[in-house]
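Engineer:
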Amino acid sequence: TSCSQSNSSKLAIHQSNENLSSSESEALLYMLEEEKLARDTYTYLNSLWAVNQFANIKQSEQRHMEAIQTLLDSYEITYEILPMGLFNNPSLQDLYNQLTAQGQSGLTQALQVGATIEDLDIVDLDNYLKEVTNPNIAQVFQRLQCGSRNHLRSFVFGLENAGASYTPVYLETETYETILNGNHERCGMRY
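When the letters of the sequence shown are read in order and numbered with my numbering, they come out as residues 173 to 363.
1. Whole angstroms are fine: how far does the CA of glutamate 233 sit from the CA of tyrosine 348?
2. Rounding to the nearest angstrom, what Cα-Cα distance links phenylalanine 327 and threonine 345 in this structure?
3. Run the CB neighbour count on valine 304, radius 10 Å, all protein chains shown included, and call it buried at 16 or more, exposed below.
4. Classify glycine 286 as helix, strand or coil using the three-state DSSP reduction.
5. Counting along the chain, where does the alpha helix (DSSP H) carrying glutamine 231 start and finish?
6. Give me the residue from Glu196, Thr213, Ala287, Phe226 with the minimum Cα distance to valine 341.
7. Near asparagine 189, which residues of its chain fall below 6 Å by C-beta distance, leaving aside the five closest residues on each side in sequence?
8. Leaving aside the five residues before and after leucine 200 along the sequence, list all residues of the same chain whose C-beta is less than 7 Å from its C-beta, in chain order.
9. Rounded to whole angstroms, what is the Cα-Cα separation between aspartate 212 and arginine 315?
10. Could you tell me how far apart the beta carbons of aspartate 296 and glutamate 357 are, in whole angstroms, since I believe they sit closer than 8 Å?
11. Roughly how far, in whole angstroms, is the beta-carbon of glutamine 225 from the beta-carbon of glycine 330, given that I think they are within contact range, below 8 Å?
12. Looking only at C-alpha atoms, which of Glu198, Ser197, Leu254, Leu217 sits nearest to lysine 208?
13. For threonine 272 versus tyrosine 214, is the C-beta spacing smaller than 7 Å?
14. For serine 218, which residues in the same chain have their Cβ closer than 7 Å to its Cβ, ignoring the five residues on either side in sequence?
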C-alpha cells in the first residue's frame with residue numbers, strides 16, 4: 173500500500189524552541205480530524221463492500237493520524253479523538269454523514285466517495301502548506317499529501333475498472349490529471 177512502510181522506527185521530530193503559531197496548531201487539529209474522516213469513512217465502506225482500496229487505505233489513514241498525533245504530543249497540544257463516525261468539527265461531521273450515505277448506494281458510489289476524500293485532502297494540505305513555517309509540520313503534511321495522491325490514483329483506478337470515472341471536486345483539472353498520470357510515489361512515512 174502507499175504508506176505502509178515499516179512501523180519499526182518512529183517519526184523523527186526535530187523540535188525547535190519556537191512555539192507553533194495558532195494557525196499551525198489549528199492546521200494540525202483540523203488535519204487530524206480530516207484524516208479521521210478518511211479512516212472512519214473507509215472503515216465503514218469496507219464493512220459494506222470489502223474491497224482492497226478501503227481495507228488498505230483505512231490502515232494508511234490510521235498511520236496518518238498517528239503522524240499528526242506525534243506532532244501534537246510533541247508540541248503539547250491537547251486534542252480529543254471521538255469514537256468512530258463522530259467529529260468535533262461540525263463541517264467534517266456533516267461531510268462524514270453525507271459521504272457515508274452516498275457510499276451505501278453502491279460500490280461505484282463508494283469508490284467515488286474515496287476519490288472525493290483524497291481530492292479534498294490534497295487541496296486542504298496544499299493550502300496549509302502555504303501557511304506553515306514549522307519544518308516538522310511541513311514534512312508531515314508533504315508526506316500525507318503524497319499518500320493522498322497515491323490513494324486518489326487507487327480509487328480512480330478502481331472506478332475505471334468498474335467502467336466509471338471521477339471528476340475532481342476540489343482539485344484543478346490540470347493538477348488532477350498530473351496526479352493521475354504520475355507513478356506510485358514512495359512517501360517516506362516511517363513511524
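Cβ coordinates follow ideal geometry from the N, Cα and C atoms, glycine included.
Structural biologist: According to the data block:
1. 21 Å
2. Each residue's CA atom was taken as its position, placing phenylalanine 327 and threonine 345 some 17 Å apart.
3. buried
4. helix
5. 224-246
6. If we check each option's Cα against that of valine 341, Ala287 comes out closest.
7. Confidence in asparagine 189 is poor, its pLDDT being 41 and thus under 50, which makes the residue's placement unreliable; the coordinate value appears in the next sentence. So the list is empty, once near-sequence residues are dropped.
8. Ile240, Leu243, Leu244, Ile249, Ile309
9. 20 Å
10. That pair is no contact at about 18 Å.
11. 5 Å
12. Leu254
13. It is not a contact, given that the beta carbons lie outside the stated cut-off.
14. It should be noted that the sequence gives asparagine, not serine, for residue 218. Closer than 7 Å at Cβ, skipping near neighbours: Phe226, Ala227, Lys230.
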